[in-house]
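A.B. asks:
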Amino acid sequence: MKFFLDTADLAEIEEAASWGALAGVTTNPTLYSRIGGKLDDFHDHIKRICELVDGPVSAESVAMTRDEIIADGRKLASIADNVVVKIPTMVEGLAATKVLASEGIAVNMTLCFSVPQAILAARSGARYISPFVGRFDDISEDGLTQLENVVAAVNNYDFGHDIEIIAASIRSANHVTQAALMGADIATVPFAVLKKCVEHPLTDRGLEAFLKDWEKVQNA
Ligand code: G3P
1182 MKFFLDTADL AEIEEAASWG ALAGVTTNPT LYSRIGGKLD DFHDHIKRIC ELVDGPVSAE
1242 SVAMTRDEII ADGRKLASIA DNVVVKIPTM VEGLAATKVL ASEGIAVNMT LCFSVPQAIL
1302 AARSGARYIS PFVGRFDDIS EDGLTQLENV VAAVNNYDFG HDIEIIAASI RSANHVTQAA
1362 LMGADIATVP FAVLKKCVEH PLTDRGLEAF LKDWEKVQNA
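With this note's numbering, you'll find the sequence shown wraps up at 1401, consecutive numbering, no jumps.
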């Protein structure tokens, strides 16, 4: 499974990239607003992210009609070769995906919450499909089972083009563990969750013991 970072924060992206495991970035309007992003700077900001990451960078269209999404998608895709156009799972989004995919533009179909939505996204030509986990948990439903169903269903078929499932709305290291066990291709994670994935209490305890014993060696 590959790790993407779910953020628009350049410092987080730079730091995660320095760890050597960063395969891509996903952004959305909320994440861009969280860093104080301004409309005028949006395309430049996506360009800066694309320069930091050796992998796909999802930039979301907030248009609501197919023609607007297509126009937006073409503009976003022209920012850099590694831009992936993120489009919500809805009728207008599917129609726009069909056109953009036929032009060779990679689409990440987002806000996916069911197997039928995922299959429709795949049929429309989406290169990436993003089933959300945490938002099910927010309403006391089982997001991991939903993710497992999407992974199994999409892998049942050959859609005639490469498709990768991005486990999205990931809130914990356990979500990451389960996504990997299910065979999700990618987990897109907030920086705080990525840090948690590096940590383990037994690693800390082991390190503490090594340092103490090394002090003994130095003083011997
Ligand atoms: O990339 C979108 C997705 O990961 C959002 O996550 O935490 O807002 O549900 P969240």
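Glycine included, each C-beta is placed from N, C-alpha and C at the ideal position.
These numbers come from a predicted model, not from an experiment.
Evaluate Ile-1268 with the Cβ neighbour count: other Cβ atoms within 10 Å of its Cβ, from every protein chain shown; 16 or more gives buried, anything less gives exposed.
C.D. replies: With 16 or more other Cβ atoms within 10 Å, it is buried.
A.B. asks: Is Thr-1270 near the ligand G3P, in the sense that its beta carbon is under 7 Å from a heavy atom of that ligand?
C.D. replies: Checking the Cβ of Thr-1270 against the ligand G3P gives no.
A.B. asks: Compute the distance between the beta-carbons of Gly-1218 and Ala-1198, then report whether it is under 8 Å.
C.D. replies: Result no, Cβ atoms of Gly-1218 and Ala-1198 do not sit closer than 8 Å.
A.B. asks: Nearest CA to the CA of Phe-1379: which residue from Ala-1202, Asp-1187 and Ala-1192?
C.D. replies: The residue you asked about is not Phe; residue 1379 is Val in the sequence shown. Looking at the Cα atoms, Ala-1202 is the closest of the given residues.
A.B. asks: In whole angstroms, what is the alpha-carbon distance linking Ser-1259 and His-1342?
C.D. replies: Going by the C-alpha atoms only, they are around 22 Å apart.
A.B. asks: Measure the C-alpha to C-alpha separation of Asn-1330 and Ala-1365 and round it to an integer number of angstroms.
C.D. replies: One C-alpha to the other measures close to 11 Å.
A.B. asks: Note the first and the last residue of the continuous beta strand (DSSP E) segment covering Leu-1186.
C.D. replies: Here the beta strand (DSSP E) through Leu-1186 covers 1183-1187.
A.B. asks: Just to confirm, is the Cβ distance from Gln-1281 to Val-1265 under 8 Å?
C.D. replies: In the sequence under discussion, the amino acid at residue 1281 is Leu, which differs from the Gln named in the question. In this structure, Val-1265 does not lie closer than 8 Å to Leu-1281 by Cβ.
A.B. asks: Cα separation between Ile-1194 and Pro-1371?
C.D. replies: Spanning the two alpha carbons is a distance of roughly 10 Å.
A.B. asks: Kindly provide the ranges of any alpha helix (DSSP H) runs that are 4 or more residues long and lie completely inside the segment 1277-1344, ordered along the chain.
C.D. replies: 1296-1305, 1315-1319 and 1324-1336, all fully within the segment 1277-1344.
A.B. asks: Could you check how far apart the C-beta atoms of Ile-1367 and Gly-1315 are, in whole angstroms? I think they sit under 8 Å.
C.D. replies: So it is not a contact: roughly 16 Å between Cβ atoms.
A.B. asks: Between the alpha carbons of Gly-1324 and Val-1272, how many angstroms are there, rounded?
C.D. replies: Near 23 Å, if we compare the C-alpha coordinates of Val-1272 and Gly-1324.
A.B. asks: Let me know the secondary structure DSSP gives Ala-1261 once reduced to three states.
C.D. replies: Reduced to three states, the DSSP call for Ala-1261 is coil.
A.B. asks: Once DSSP output is grouped into helix, strand and coil, what is the label at Ala-1390?
C.D. replies: Three-state result, Ala-1390: helix.
A.B. asks: Please confirm whether any heavy atom of the ligand G3P lies closer than 7 Å to the CB of Ala-1349.
C.D. replies: Ala-1349 Cβ: within cutoff of the ligand G3P.
A.B. asks: Restricting to Cα atoms, I'd like to know which of Leu-1191, Arg-1386 and Lys-1228 is closest to Arg-1215.
C.D. replies: Measuring from the Cα of Arg-1215, the nearest candidate turns out to be Leu-1191.
A.B. asks: In whole angstroms, what is the alpha-carbon distance linking Val-1234 and Asp-1319?
C.D. replies: Going from the Cα of Val-1234 to the Cα of Asp-1319 covers about 31 Å.
A.B. asks: Is DSSP giving Gly-1274 helix, strand or coil here?
C.D. replies: Here Gly-1274 sits in helix by DSSP.
A.B. asks: In angstroms, rounded to a whole number, what distance separates the CA positions of Thr-1402 and Phe-1184?
C.D. replies: Given a span of 1182 to 1401 for the chain in the structure shown, any question on residue 1402 remains unanswerable.
A.B. asks: Within the continuous beta strand (DSSP E) that includes Leu-1212, where are the two ends?
C.D. replies: Leu-1212 -> not in any beta strand (DSSP E); alpha helix (DSSP H) instead, spanning 1210-1215.
A.B. asks: Measuring CB to CB, does Val-1374 end up less than 8 Å from Ala-1354?
C.D. replies: Contact flag set, yes.
A.B. asks: When the Cα atoms are used, what is the spatial distance from Gln-1298 to Leu-1383?
C.D. replies: When rounded, the distance between both Cα atoms is 41 Å.
A.B. asks: Where does Val-1370 fall in DSSP's three states?
C.D. replies: It is a strand residue.
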